[in-house]
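Numbering follows the working numbering, in which position 53 of the sequence shown is assigned residue number 42; successive positions increment by one, without gaps.
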Amino acid sequence: GGNLVYLSGNGLYWKTALHGQQLEIRCDSGNFSIVDDSGGRWRDNGRPEARLLGVRFTSTGRKSQYKPYRVLAPEHWVFKGTGVARGDLIGERGLNYGGASGLETDKIDPRLRPAGLVHLAKGANKGGGGADMAYFTHPGGCGVCSVGSVTFGGSLAVDPVLGAMLL
């Protein structure tokens, strides 16, 4: 019933287990030591991150340069009051050595694209490494907005458009 704003990238990749105050991450399919369950990537356990977030980590986004996003859907309510137009660059600078899209980035997977997903913006990173910013209404009824980039937060702190989007 609530809403989700995901302001990072590559965040739901490895499966984790929590028991009390102990958190365990398994980077293989072996069993956790604290609960009776197997580890590995969520997507390999039948629960791909794109079903929840609308985007998923891809290797083309690994160690990508820090670049801004290019606006694709300025008419969407997420951009209301920002004054952006299609093709404008947002998140051009940040506290992470450059733009808002970089380091590790998530993309829309056409095979797992949620119904009604709107592709809001695309990172201008070379070689297909740019993050996909997306919005959709989850089947459970909540709105989900994903920015798909580890470096987004560093630009959010200094970019007025990104700040206005979250008001």
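Glycine residues also receive a C-beta, built at the ideal position from the N, C-alpha and C atoms.
Backbone secondary structure at residue i - three-state DSSP
i, result
"VAL139", "coil"
"ARG32", "helix"
"VAL(-6)", "strand"
"LEU7", "strand"
"VAL147", "coil"
"GLY161", "It is not possible to answer for residue 161, since the shown part of the chain is limited to -10 through 156."
Bridge-paired residues (DSSP) for residue i
i, result
"PHE125", "VAL133"
"ILE23", "Looking at the DSSP assignment, ILE23 forms no beta bridge with any residue, so it has no partner."
"LEU12", "LEU7"
Exposure label - residue i; buried when at least 16 CB within 10 Å
i, result
"ILE23", "exposed"
"LEU12", "exposed"
"GLY(-2)", "buried"
"GLU64", "exposed"
"LEU1", "buried"
"VAL67", "buried"
"ASN34", "exposed"
"ALA193", "Examination of residue 193 is not possible in this model, given that the chain is present from -10 through 156 alone."
"GLY112", "buried"
"LEU156", "exposed"
"PRO99", "exposed"
"VAL110", "Per the sequence shown, the amino acid found at residue 110 is Ala instead of Val. By the 10 Å Cβ count, ALA110 comes out buried."
Integer Cβ distance of residue i from residue j, believed to fall under 8 Å
i, j, result
"VAL44", "ILE79", "Rounded, the Cβ-Cβ distance is 17 Å, inconsistent with contact."
"PHE46", "ASP95", "5 Å"
"TYR(-5)", "SER135", "4 Å"
"ALA123", "LEU84", "Actually they are not in contact, since the Cβ atoms of ALA123 and LEU84 sit about 24 Å apart, beyond 8 Å."
"HIS108", "ALA62", "7 Å"
"GLU93", "GLY50", "6 Å"
At 4 residues or longer, and completely inside the segment 42 to 119: list those alpha helix (DSSP H) runs for me, N to C.
Given a length threshold of 4 residues, the segment 42 to 119 has no whole run of the alpha helix (DSSP H) inside it.
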